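Structure first, commentary second.
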């Protein structure tokens, strides 16, 4: 079940890394290589990389074995059909003071990314980076204004209307405040996680930090969903959990966003 992550604090007696970078994977080795490379080139802080592998073959396991890198901790996960279950599995393995969960189609654009995020987290509970989207080889930065991002951070219920954050790799947080994903959700699983992770927290926007997110590849989860059906199912679950705090934003999202996309035949 979703909620705060239960952690073993006997680990405090051990030498902990500054960051745990969790990369859940399902096949897609070329994308994973890009994500891994962007983390391995980080400078200024120590870190561990956790691979939580849901793949239906041994390709990623074999590749990680050939790297023979003690920074990388590989874990095979038996899939139950829910991607979020694998994300939670990866979160449960984290030992660093700070955590980032990045998917295999995401990458850090600067070798100072973790160093800058660590600095931001000295004054906040959560730090947020910007995002650059690559779709079919074309790059584009998010059009959202700085004001829109700050508004969504201060009022996280608005994220259900407009994702002003980006992918999960844009968020770094203190491990003791980690939240689990709700594995019952599909379309809004990341937004509902952001909502819980940000609500009532001190949040810093890390200027100069940017995450590259690759869209349009065959393994992208959103390409495998009936989005309208998934939204209706998610809305029922989220409304039951969070009630009136999010009800209006979910209604507006369906009315203004999803129906417009359907009219334009984008879903």
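Residue numbers (this note's numbering): 224 to 490.
Cβ atoms here follow ideal geometry from the backbone N, Cα and C, with glycine treated the same way.
For clarity, every value in this text was computed on a predicted model and none was experimentally measured.
On the DSSP bridge assignment, give the partners of residue i in chain order.
i	result
residue 490	Looking at the DSSP assignment, residue 490 forms no beta bridge with any residue, so it has no partner.
residue 242	270, 321
residue 247	275
residue 480	In DSSP, residue 480 forms no bridge with anything.
residue 330	435
residue 226	403
For residue i, tell me which candidate among the options has the shortest Cα-Cα distance.
i	options	result
residue 408	463, 282, 326	463
residue 329	391, 347, 310	391
residue 495	398, 465, 434	For the chain, the structure presents residues 224 to 490; residue 495 sits outside this window and is missing.
residue 254	307, 451, 438	438
residue 449	485, 417, 433	485
residue 369	351, 262, 356	351
residue 411	381, 436, 432, 433	381
residue 349	297, 264, 310, 417	417
residue 275	258, 269, 296	296
residue 331	250, 458, 457, 259	259
residue 353	305, 341, 347, 393	393
For the beta strand (DSSP E) holding residue i, just list the boundary residues, first then last.
i	result
residue 286	Premise fails: residue 286 lies in the alpha helix (DSSP H), 282-290, not in any beta strand (DSSP E).
residue 358	349-358
residue 299	295-299
Locate the alpha helix (DSSP H) running through residue i, then write down its first and last residues.
i	result
residue 307	306-315
residue 256	252-263
residue 457	450-465
residue 302	No alpha helix (DSSP H) contains residue 302, which DSSP labels as neither H nor E.
Given 7 Å as the limit, tell me if residue i has its C-beta closer than that to any heavy atom belonging to the ligand NAD.
i	result
residue 256	Ligands displayed in this structure: none; no statement on the ligand NAD is therefore possible.
Minimum length 3: unbroken beta strand (DSSP E) runs contained in the region 364-442: Those beta strand (DSSP E) runs which fall completely within the region 364-442 and span 3+ residues are 394-397, 426-438.
Three-pair Cβ contact test at 8 Å for the region 278-286 versus the region 384-400: Taking a cut-off of 8 Å for Cβ pairs, the region 278-286 and the region 384-400 do not touch, as fewer than three such pairs fall below it.
Segment contact flag, the region 416-424 with the region 326-342, C-beta cutoff 8 Å, min 3 pairs: The region 416-424 is not in contact with the region 326-342.
Contact between the region 371-381 and the region 292-308 (3+ Cβ pairs under 8 Å): Taking a contact to require three or more Cβ pairs closer than 8 Å, the region 371-381 and the region 292-308 do not qualify as touching.
Meets three-Cβ-pair contact criterion under 8 Å: the region 425-433 and the region 457-471: Counting Cβ pairs under 8 Å, fewer than three are found: no touch.
At least 3 beta-carbon pairs within less than 8 Å: the region 242-259 vs the region 307-321: Judged by Cβ distances under 8 Å, the region 242-259 makes contact with the region 307-321, as three or more pairs qualify.
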